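Trainee: Protein chains in written order, with the numbering used here: chain A, -9 to 610; chain B, -9 to 610. No residue lacks a Cβ here, since even glycine has one placed at the ideal position from N, Cα and C. The model shown is predicted, which means the values in this text are computed figures rather than measured ones. Structure incoming, see below.
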């Protein structure tokens, strides 16, 4: 029944053989891998304006030079990754590059940074997608957290069913987004030049009143840091090289260039338009929506812009849902995360990783009230930490590899490492109080957890290893007289008889034990024993405190001490199993409780005790 | 460690021998049993006023005649219970009386009504105790739910430690309460007669504005119904007769009369004072607090009144905490509730019943926002249903018993049954919409649950019964060749070896099974098998959908079908147990999962499968 519901919801199971890999053309690959990067043009310009407006609307003029600086940074980062693609044609995620070239610790730091970054990508994309909708329908504003959680739930469901990263599926929203944003920019510029703008609706800007702070360097750096979120996701292509058509590295490189160019044009275009149209960031409407209204008017085109923006941002969240489970499965395979994350589910997806990401992102959305600009300070730290480590790793890589012109290649990645490192510092310091500290604490915490898990798995492997053992002759070990068997009974019924019978088949040394909690019950057992107990002796244990487990454990210890060379006493537990699950709640579950306590109680001798369940199924 | 914390919190275990029963003098017994009844003088007059005020403050004048009517009802009910005490000198709770005389169904209805009533007693007492405090410190009003829950938590804790129903302990707050209320009434009357009241602070009564409704008969009946809550708890003494000193019934009867007299005097006194002082019920201050301020002024005496009221109301909640677990244990012994409720805990208390009551009362408090007057409409239904059934049962009792003057005795209880029955109808109808419907639905639901549980226990007993069996000779059954044994392995390690060794000691027909989920693992097992597997054959099961349990179940079915006369295959499960609990989370728990599925999966044949756990303890 449960299985049927599951199949209805998530589709019927897929066999391992059905795992297929599509090879992507450049055009489709751009659609699949650029969601995270391109989507930032929706919120990054707004974040710059939000930082500057604190110093009055005059300060907004600085947004353009800051955007230019960020585009310069983008060119450097894209060039660096272009080299990474050619250096790691089989896929050069930051974890692998840092691990390979810089060692375990930098690798784990990069992994931790990546994981936090994916969680934030999911959260930020969804909340700004919802913001695109609430800009059109302000009545929905109070429900933004609910809407965001619904969106997460939908994406999670789709991923648990298994989203093929199908190029065709991704191409439609991606290219619609690129197309409508380019139209927005072009029409906006044309109308600016031709001066056909209706007078800007006098924005009664509540924010101007706030403009009391001086325009300090610190403020400018904060605006720069906020804009740096535009670069998150640039690394995506370098992770996905194997999905490209041959020659993979070359095609991936070209796609990276195209993506960076699109990102630069759209980012600058939106920032310029916002500036020229005197858009001021407000709480209830996004900057893109304000620009859209001014350029397109209130008509259909504006609505289309917002809908496409929303859909594309969901796609950007999907990037995180594809990458987080994949990376956590790799980390789990390397023993740094629980191995359940490597389980391929029914539908060939890493279901546990998907659910973990959904829970983490939902948590963030709830904590930060579904507000994008509150999440942003946490966002770029992870991305730039990843950039720096991965670029520094590439420097080492070229050095180790040597080959023609390696100093040049190393220099390019070195420049990337240094500039992203400086940006990282700026972000960490200028955003520290607003939330960057959370990430700065989380990353080492994650790394510590990784190491703890790895240590645990290593000691388990060591303890289970057969090293030092040699195969023994079982014949010597299987004398049936060896076992001392104890059968705890709580009454004489069909379940007890089954257990006693099995116990006797196991050994001649069987003792039945009843703990005297309810005197009437004990009396009844004693009375019936001669008829039903055969040659098995019955021991009655006193229990002044009405506990079943205490006297039983004491008795077992006593039996264990007798002839210790015969090992610990085997416990045979009669357990009746009810016909329906809820009926379980009506019974004391003493058998289950005893089993639980016994399994976790290691003998003082370090030996292990056998626990044998003899279930007796009730039919009704 | 955990045990230490528990002993610190709840005290060290008490042995069964330490269970002691104090015999109470009449004075102490009054203190122990009257909490529920007497405490209602705090809220019942207020509830009458609250109903009347809807028709304008002029209607408040009706409160006195209504109170007189309720006192008449009280006299009838007390007389009826006086007879019950002599008819059931060993304790005549409504459940027992109705069950004995009217049959199973009325007994169960009475039990359901009593249980709901106890939950409401706990909730109402606590919320009105908190209201006594917030009347003095209105700043605490927003925290009334929290304060009520804290009070519940405290009472729960005290009961889990084990509250001796010590007469001395109860006497202090009870007699302080009686004493200060009598002083309040006397001083109030004296000041009224001597005319020394300062002019009543002109209450700017917001309620007068509401006085738009006509004073209908329905409204008067609602006020009467609200006041009937004063009678809840009158039955308490008849439940507790065995706790009295000899002659028990006689002493209990006298105590009942004293309690009824006190209740009548205090109830009439408070209602009269409220009327004479023109007290109007308001949201933020209780009626008693308003009277107290006018009579005593703002000084220390007023504060003492409120504190004692609060403490005594906590004691009234304690009545529910003593009776609910006791009644549910009786019901559980009769198989109408889960038998866990009969477990006497470490401290000789019915811990499960205490916790159940605490959860139910807390739930009510949260749902109804900690407001007493919202809970009241639910309250009296259960109590009056109990009264009616118990009195009707007594009529039957006298009839069956015969004896001298039985028609007279039957007539007294008959009058009780009829009047409380009419009151019940009034309460149910006039309070239906405000919440009485909840109880009217809950009681039959409870009864249905009782019957379902009882049926389940009966079928279990029947299925486990040895009827029709005769003791067999075990020697015929214990041939060690009989078992077909299957050992699922997930790798070759020390844990697997232990399981294989035990399996071989059990039978010569052992098969090891590996499910091919991860090809590398399967390959490794295959490779090592010749050295470590001895004569045990290894079977590799395909698993196209990467499930472990599916192929394993199919294989077991196949083995079961072979030579069915040899029974179902025994499953021996290697399971390694981690050293620390959190480490469990890092493993797939396949063994535990298989165990769970197998235990609940009844063989098609109706036979039962043995499941044997071979634990291997990790030391680190």
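(1) Closer than 7 Å by C-beta to residue 199 of chain A: which residues in its own chain qualify, once you throw out the five before and the five after it? Chain order, please.
(2) Hey, does residue 3 of chain A have any beta-carbon neighbour from chain B nearer than 8 Å?
(3) With 16 as the cutoff for other CB atoms within 10 Å, does residue 180 of chain A come out buried or exposed?
(4) Got a sec? Which residues, its chain only, sit under 6 Å from residue 194 of chain B by beta carbon, not counting five neighbours each side?
(5) Over the uninterrupted alpha helix (DSSP H) stretch that includes residue 291 of chain B, give me the two end residues.
(6) Run through DSSP, which three-state label would residue 234 of chain A get?
(7) In the DSSP assignment, the alpha helix (DSSP H) including residue 184 of chain B goes from what residue to what residue?
(8) Compare the C-beta of residue 522 of chain A against all C-beta atoms of chain B and say whether one is closer than 8 Å.
(9) List, in order along the chain, the chain A residues whose C-beta lies closer than 7 Å to that of residue 326 of chain B?
(10) Under three-state DSSP, which class holds residue 3 of chain B?
(11) Does chain A have any CB closer than 8 Å to the CB of residue 601 of chain B?
(12) Enumerate, from N- to C-terminal direction, the unbroken alpha helix (DSSP H) stretches of 4 or more residues contained entirely within the region 35 to 95 of chain B.
(13) Distance check for residue 495 of chain B and residue 602 of chain B, CA to CA, integer angstroms please.
(14) Run through DSSP, which three-state label would residue 532 of chain B get?
(15) Can you list the alpha helix (DSSP H) stretches of 4 or more residues lying completely in the region 246 to 296 of chain A, in chain order?
(16) Rounded to whole angstroms, what's the CA-CA distance from residue 208 of chain A to residue 421 of chain A? Just pull it up for me.
(17) Alpha carbon to alpha carbon, what distance is there between residue 21 of chain B and residue 124 of chain B?
(18) Answer with yes or no whether the minimum CB distance from residue 318 of chain A to chain B is below 8 Å.
(19) Give, in chain order, every unbroken run of the alpha helix (DSSP H) that is at least 4 residues long and sits entirely within the region 353 to 414 of chain A.
(20) Go ahead and label residue 389 of chain A buried or exposed: buried means 16 or more other beta carbons lie within 10 angstroms of its beta carbon, across all protein chains shown.
(21) With DSSP as the reference, label residue 607 of chain A as helix, strand or coil.
(22) Taking only beta-carbon positions, decide if residue 229 of chain A is within less than 8 Å of chain B.
(23) Can you give me the start and stop residues for the beta strand (DSSP E) that residue 549 of chain B sits inside?
(24) Cβ of residue 218 of chain A within 8 Å of Cβ of residue 45 of chain A?
(25) Between the beta-carbon of residue 367 of chain A and the beta-carbon of residue 426 of chain A, is there less than 8 Å?
(26) Provide the residue span of the beta strand (DSSP E) that contains residue 478 of chain A, from first to last.
(27) Can you list, in chain order, the residues of the region 467 to 495 of chain A whose Cβ is nearer than 9 Å to any Cβ on chain B?
(28) Kindly list the residues whose CB is nearer than 7 Å to the CB of residue 131 of chain B, restricted to its own chain and excluding five residues on each side of it in sequence; keep chain order.
(29) In chain A, which residues lie less than 7 Å from residue -6 of chain B when you measure between Cβ atoms?
(30) Evaluate residue 349 of chain A with the Cβ neighbour count: other Cβ atoms within 10 Å of its Cβ, from every protein chain shown; 16 or more gives buried, anything less gives exposed.
(31) Checking 8 Å against the spacing of the C-beta atoms, do residue 430 of chain A and residue 418 of chain A come in under that value?
(32) Compare the C-beta of residue 530 of chain B with all C-beta atoms of chain A and state if any pair is closer than 8 Å.
(33) Would residue 231 of chain A and residue 81 of chain A be called neighbours here (beta carbons separated by less than 8 Å)?
(34) Which value, in whole angstroms, describes the spacing of the CA atoms of residue 56 of chain A and residue 27 of chain A?
(35) Between residue 576 of chain A and residue 450 of chain B, what straight-line distance do the alpha-carbon atoms span, to the nearest angstrom?
(36) What do you reckon, are the CB atoms on residue 50 of chain A and residue 64 of chain A nearer than 8 Å?
Mentor: Considering the structure as presented:
(1) As a first step, residue 199 of chain A must be located in the first chain, where it is residue number 209. Confidence is the limiting factor: at residue 199 of chain A the pLDDT is only 43, short of 50, which leaves the residue's position unreliable, though a coordinate-based value still follows. Excluding positions up to five away in sequence, the list is empty.
(2) Here the question's residue 3 of chain A lines up with position 13 in the first chain. Interface residue, yes.
(3) As a working mapping, residue 180 of chain A is identified with position 190 in the first chain. Label assigned to residue 180 of chain A: exposed.
(4) The sequence position of residue 194 of chain B within the second chain is 204, counting from 1. For residue 194 of chain B, the predicted structure reports a pLDDT of 45, less than 50, and the residue's modelled location is therefore unreliable. A value from the coordinates is still provided. Closer than 6 Å at the Cβ level, and outside the excluded window around residue 194 of chain B, lies no residue.
(5) Taking the first residue of the second chain as position 1, residue 291 of chain B is located at position 301. Here the alpha helix (DSSP H) through residue 291 of chain B covers 290 to 323.
(6) On the first chain, position 244 is the one that residue 234 of chain A refers to. DSSP places residue 234 of chain A in strand when its eight states are reduced to three.
(7) In the second chain, counting from the first residue as 1, residue 184 of chain B sits at position 194. Element bounds for residue 184 of chain B: 157 to 184.
(8) Residue numbering aside, residue 522 of chain A sits at position 532 when the first chain is read from its first letter. By this cut-off, residue 522 of chain A is an interface position.
(9) To locate residue 326 of chain B, count along the second chain from 1; it is residue 336. Going along chain A, no residue has its Cβ under 7 Å from residue 326 of chain B, so there is no contact; the nearest lies around 11 Å.
(10) Against the second chain, residue 3 of chain B aligns to sequence position 13. Note: residue 3 of chain B maps to coil in three-state DSSP.
(11) Here residue 601 of chain B refers to the residue found at position 611 when the second chain is read from its first residue. Chain A contact via Cβ: present.
(12) 53 to 77 and 84 to 92
(13) Here the question's residue 602 of chain B lines up with position 612 in the second chain. Here the question's residue 495 of chain B lines up with position 505 in the second chain. Those two C-alpha atoms are separated by around 13 Å.
(14) Here residue 532 of chain B corresponds to residue number 542 of the second chain, with the count starting at 1. Strand, per DSSP.
(15) 277 to 286
(16) For this step, residue 208 of chain A is matched to residue 218 along the first chain. For this step, residue 421 of chain A is matched to residue 431 along the first chain. Each residue's alpha carbon lies about 10 Å from the other.
(17) Reading the second chain from its first residue, position 134 is the one you call residue 124 of chain B. Reading the second chain from its first residue, position 31 is the one you call residue 21 of chain B. Their backbone Cα atoms lie some 26 Å apart in a straight line.
(18) In the first chain, residue 318 of chain A corresponds to position 328, counting from 1. Cβ-Cβ to chain B under 8 Å: no for residue 318 of chain A.
(19) 362 to 391
(20) As a first step, residue 389 of chain A is located in the first chain; it is residue number 399 there, counting from the start. So residue 389 of chain A ends up on the exposed side.
(21) Start at 1 with the first residue of the first chain, and residue 607 of chain A comes out as number 617. Residue state, collapsed to three classes: strand.
(22) Walking along the first chain from the start, residue 229 of chain A turns up at place 239. With 8 Å as the cut-off, residue 229 of chain A does not count as an interface residue toward chain B.
(23) Residue mapping note: residue 549 of chain B aligns to position 559 of the second chain, counting from 1. That residue, residue 549 of chain B, is in no beta strand (DSSP E); its alpha helix (DSSP H) goes 539 to 551.
(24) Within the first chain, the letter at position 228 stands for residue 218 of chain A. Within the first chain, the letter at position 55 stands for residue 45 of chain A. Taking 8 Å as the Cβ cut-off, residue 218 of chain A and residue 45 of chain A do not qualify as a contacting pair.
(25) Taking the first chain and counting its residues from 1, the one referred to as residue 367 of chain A is at position 377. Taking the first chain and counting its residues from 1, the one referred to as residue 426 of chain A is at position 436. Contact: yes.
(26) Along the first chain, read from residue 1 onward, the residue named residue 478 of chain A stands at position 488. 474 to 478 is the span of the beta strand (DSSP E), which, as asked, contains residue 478 of chain A.
(27) 467, 468, 469, 470, 472, 473, 481, 482, 483, 484, 485, 486, 487, 488, 490, 491, 492, 494 and 495
(28) By one-based count along the second chain, residue 131 of chain B stands at place 141. Around residue 131 of chain B: 124 and 274.
(29) For the purposes of this step, residue -6 of chain B is taken as the residue at position 4 of the second chain. Neighbours of residue -6 of chain B on chain A: none; closest Cβ ~15 Å, over 7 Å.
(30) As a position in the first chain, residue 349 of chain A is number 359, starting the count at 1. That one is exposed.
(31) The residue you call residue 430 of chain A lines up with position 440 of the first chain. The residue you call residue 418 of chain A lines up with position 428 of the first chain. Going by C-beta atoms, residue 430 of chain A is nearer than 8 Å to residue 418 of chain A.
(32) For this step, residue 530 of chain B is matched to residue 540 along the second chain. So, not an interface residue.
(33) One-based indexing of the first chain puts residue 231 of chain A at position 241. One-based indexing of the first chain puts residue 81 of chain A at position 91. Yes, they are a contact pair.
(34) As a working mapping, residue 56 of chain A is identified with position 66 in the first chain. As a working mapping, residue 27 of chain A is identified with position 37 in the first chain. Rounded to whole angstroms, residue 56 of chain A to residue 27 of chain A spans 18 Å at the Cα level.
(35) What you label residue 576 of chain A is simply residue 586 of the first chain in a count that begins at 1. What you label residue 450 of chain B is simply residue 460 of the second chain in a count that begins at 1. Approximately 11 Å between the Cα atoms of the pair.
(36) Counted from its first residue, the first chain places residue 50 of chain A at position 60. Counted from its first residue, the first chain places residue 64 of chain A at position 74. Result no, Cβ atoms of residue 50 of chain A and residue 64 of chain A do not sit closer than 8 Å.
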